[in-house]
Amino acid sequence: MCPAGFNHTLAGAAGGDDTADLVSVTAPTLVLHGTEDPMFPPAHGEATAAAIPGARLVMIEGLGHTLPTALDARPAEEILRHTATATATATGSA
């Protein structure tokens with residue numbers, strides 16, 4: 310396991326509510342979350358999105374904690390749509 314993956318696992322295992330600091334996020338935010346994530350249930354993604362002002366939550370049906378190749382297209386589409394919208398908003402062309 311890579312160091313980042315290990316740290317992510319430790320953070321998840323520690324539990325607790327880390328959403329309080331998210332209210333200060335000002336960047337346009339997209340929260341992608343799998344409906345079948347065994348480490349972080351859907352309520353975690355919902356809480357994350359709810360804590361970030363203006364965040365958009367996209368639940369990906371059948372996605373677990375890792376991204377299988379078969380599901381690459383859906384997250385990619387959502388990320389492209391999100392970045393296009395954020396860029397248009399930032400440049401005033403929305």
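Using my numbering, count along the sequence shown one by one with no gaps and you end on 403. Using N, Cα and C, we set each Cβ at its ideal position, and we do this for glycine too.
Option in L389, H374, T335, P337 with minimal Cα separation from G354: Locating residue 354 in the sequence shown gives position 45, where the first residue counts as 1. Shortest Cα-Cα distance from G354 to any of L389, H374, T335, P337 involves H374.
How would you write the range of the beta strand (DSSP E) that H342 sits in, first residue to last? In the sequence shown, residue 342 corresponds to position 33, counting from 1. Unbroken beta strand (DSSP E) run through H342: 339-343.
Please report how far the alpha carbon of M348 lies from the alpha carbon of H342, in whole angstroms. On the sequence shown, residue 348 is found 39 positions in, with the first residue counted as 1. On the sequence shown, residue 342 is found 33 positions in, with the first residue counted as 1. For M348 and H342, the gap between their C-alpha atoms comes out near 11 Å.
Identify which residue in E345, I361, T396 has its Cα closest to the Cα of L372. The count along the sequence shown starts at 1 and reaches residue 372 at position 63. With distances taken between Cα atoms, L372 lies closest to E345.
Measure the beta-carbon distance from L331 to H391 and round it to whole angstroms, keeping in mind my assumption that it falls under 8 Å. Taking the first residue of the sequence shown as position 1, residue 331 is located at position 22. Taking the first residue of the sequence shown as position 1, residue 391 is located at position 82. Not a contact, Cβ separation roughly 17 Å.
Taking only runs of the alpha helix (DSSP H) that begin and end inside the segment 348-374, which ones reach a length of at least 4 residues, in chain order? Entirely contained in the segment 348-374, the alpha helix (DSSP H) runs reaching 4 residues are, in chain order, 351-360.
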